[in-house]
């Protein structure tokens, strides 16, 4: 379904390496064990001359939990839920670390060892790597592994109780495996699997609440522990909280459901940067720790998103990373859901005030996002001041080899792209009631029969159609169209290789964008030459100027283009076009097919978001 695309906003080193199944991106292999070679004394973070290894002394306050005799312990991540495919493990792990790890930094790469890592996590990593490999066989393998992993994980989660403690009697590996399987569900986009991971999400959140994971009073951090070890353990908890919050937001957007997690529960401070969390060796850890922004360890996730909601100055002004912005945007999902649920055909003052506040919140995050430079620097300019944020995306790559800068730059730019698409998704939901439009698309299905309740359904359908016609005349519809066009243009700017491994929020944005285009074309009064007879009406519309929506697609648009776009949104006028096609009923199938061709094969959640509007491109007749 993906079309080869010439231009690329995420261009990277195009020289394929030997035996590399993913040409165009220098692979980041599964990292080696941390180095233990240190030379000389330092006066920095760690005094190597006094470093000694000794056995931990027993904690007199700690009581070892009694084993459960009647059933296997929920803490165990040691059982092997599904054997690894012979000869393919390393290939799938390479795909995982190259395309997935920088987006979802769940695993502590420097201490990862495929011989000793908990099997439930290792199998989950191979499952995702197999999916990202992209072949039919590897994706079938990933689906089979997912079924076995979920069947392994759920019974063990259900054995947890309030007497358990995360990272002790409840293993972190079990929670990380759960999280990885949820994310896999979003990547594959199969309706059956999405339902399964929604339930898995609910179970994991309930278990973590029961063991006190979201209560700051219960969190324990031993300040006497060796600093790198302590930060690794803390990082596991921080990232579990942050990514679970992000997955919750993604699933709620797809399903149109209220949030399970709230921002108030995110009492953990901002996770360490990707660079520090992936420091392979204590010497490298010390160097990266010395440049780590101190404000990150002083600002909680809750503070960050609440300050943004109050339009306060960003808590990490000047160093808001793309992944932080993603979490900030996700925090708006509960408020948008409440607004859409209570929004009626008749506007009310409170809804208008809340909508304006949400608009300002989204624009605040957008302003922070566009400050991040995304132009790929060459090797000579990589260390200049405007690119210093790149150092927070260093990983385990060998910096003595040519091309390592491309890997680092790719990480940052792909996260900025994900945040941009997330911004478009939330804007589409804010300016178009996706719930109502989705139901209208369901109503329009030829096979949709609701005869037993025909009168009631007819009245509800009439109300929905009235809403859609009024919406199509209002500025909000034109604003939603701009975001739908921007999502399509952003996707089309990527290379074909990057398209296959992007974050699933892009597919959500494309599906919602297609629904907005479908609704506007179906319920607006705009027509084009092919829609009316050769008459006086035809001659009037033929004289109207065309308004190409992709002209304003760039999130960092020039001020002149921004003013031009805002004028059109408020006033309207002209014939709106999308990639040269007029937004009208006669072009509807071709317009929707532009979005359809961007979706990965089998990603049928699109038919849940926008039911019944999709047609295969080869079944559409040209106008």
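Numbering (this note's numbering), first residue to last: 26 to 648. Note that the Cβ used here is the ideal one computed from N, Cα and C, for glycine as well. Note that the structure is a prediction, hence the values are computed from the model and not measured.
Terminal residues of the beta strand (DSSP E) in which residue i lies
i: residue 236; result: Neither: residue 236 is in no beta strand (DSSP E) and is coded neither H nor E.
i: residue 602; result: 600-603
i: residue 573; result: 571-573
Buried or exposed by the 16-neighbour rule on C-beta atoms within 10 Å, applied to residue i
i: residue 210; result: buried
i: residue 93; result: Its pLDDT being 40, under 50, residue 93 is placed unreliably in this model, and the coordinates cannot settle the point.
i: residue 16; result: Outside the modelled stretch of the chain, which goes from 26 to 648, sits residue 16, for which no answer is possible.
i: residue 278; result: buried
i: residue 533; result: buried
i: residue 323; result: exposed
i: residue 298; result: buried
i: residue 598; result: exposed
i: residue 431; result: buried
i: residue 607; result: buried
i: residue 378; result: exposed
i: residue 586; result: exposed
i: residue 232; result: buried
i: residue 366; result: exposed
i: residue 239; result: buried
i: residue 596; result: exposed
i: residue 544; result: buried
i: residue 624; result: buried
Bounding residues of the alpha helix (DSSP H) (the contiguous stretch that carries residue i)
i: residue 441; result: 429-456
i: residue 587; result: 584-596
i: residue 257; result: 252-280
i: residue 122; result: 114-124
i: residue 530; result: 530-548
i: residue 302; result: 299-302
i: residue 155; result: 144-158
Three-state secondary structure (DSSP) of residue i
i: residue 607; result: strand
i: residue 421; result: coil
i: residue 294; result: strand
i: residue 33; result: In this prediction, residue 33 scores a pLDDT of 39, lower than 50, which makes its location untrustworthy; the coordinate-derived value is nonetheless stated afterwards. If DSSP states are grouped into helix, strand and coil, residue 33 belongs with coil.
i: residue 216; result: helix
i: residue 624; result: coil
i: residue 519; result: coil
i: residue 286; result: coil
i: residue 199; result: helix
i: residue 182; result: helix
i: residue 633; result: helix
Contact with chain D by residue i, beta-carbon distance below 9 Å
i: residue 229; result: Absent here is chain D; the protein component of the structure consists of one chain.
Residue i versus the options, residue with shortest Cα-Cα distance
i: residue 510; options: 537, 494, 496 and 146; result: 537
i: residue 530; options: 272, 360 and 436; result: 272
i: residue 263; options: 526, 321, 546 and 422; result: 321
i: residue 170; options: 161, 153, 234 and 246; result: 153
i: residue 225; options: 239, 254, 248 and 182; result: 182
i: residue 195; options: 180, 251, 148 and 490; result: 180
i: residue 629; options: 584, 213, 125 and 610; result: 213
i: residue 392; options: 607, 105, 582 and 127; result: 582
i: residue 305; options: 576, 497 and 133; result: 133
i: residue 467; options: 236, 490, 208 and 572; result: 490
i: residue 319; options: 309, 345 and 351; result: 345
i: residue 503; options: 573, 517, 471 and 528; result: 573
i: residue 578; options: 539, 515 and 596; result: 515
i: residue 111; options: 425, 207, 166 and 462; result: 166
i: residue 400; options: 200, 384 and 438; result: 438
i: residue 449; options: 417, 360, 355 and 418; result: 355
i: residue 456; options: 387, 486 and 487; result: 387
i: residue 389; options: 414, 358, 350 and 361; result: 350
i: residue 499; options: 594, 242, 543 and 325; result: 594
i: residue 114; options: 135, 149, 131 and 290; result: 149
Please specify which runs of the alpha helix (DSSP H), each continuous and at least 4 residues long, are wholly inside the region 310-398, giving them in chain order. Taken in chain order, the complete alpha helix (DSSP H) segments of 4 residues or longer contained in the region 310-398 are 326-334, 347-355, 358-367 and 374-395.
Quick check on the DSSP output: what are the complete alpha helix (DSSP H) runs of length 4 or more inside the region 469-513, in order along the chain? List check, alpha helix (DSSP H) in window: 479-498.
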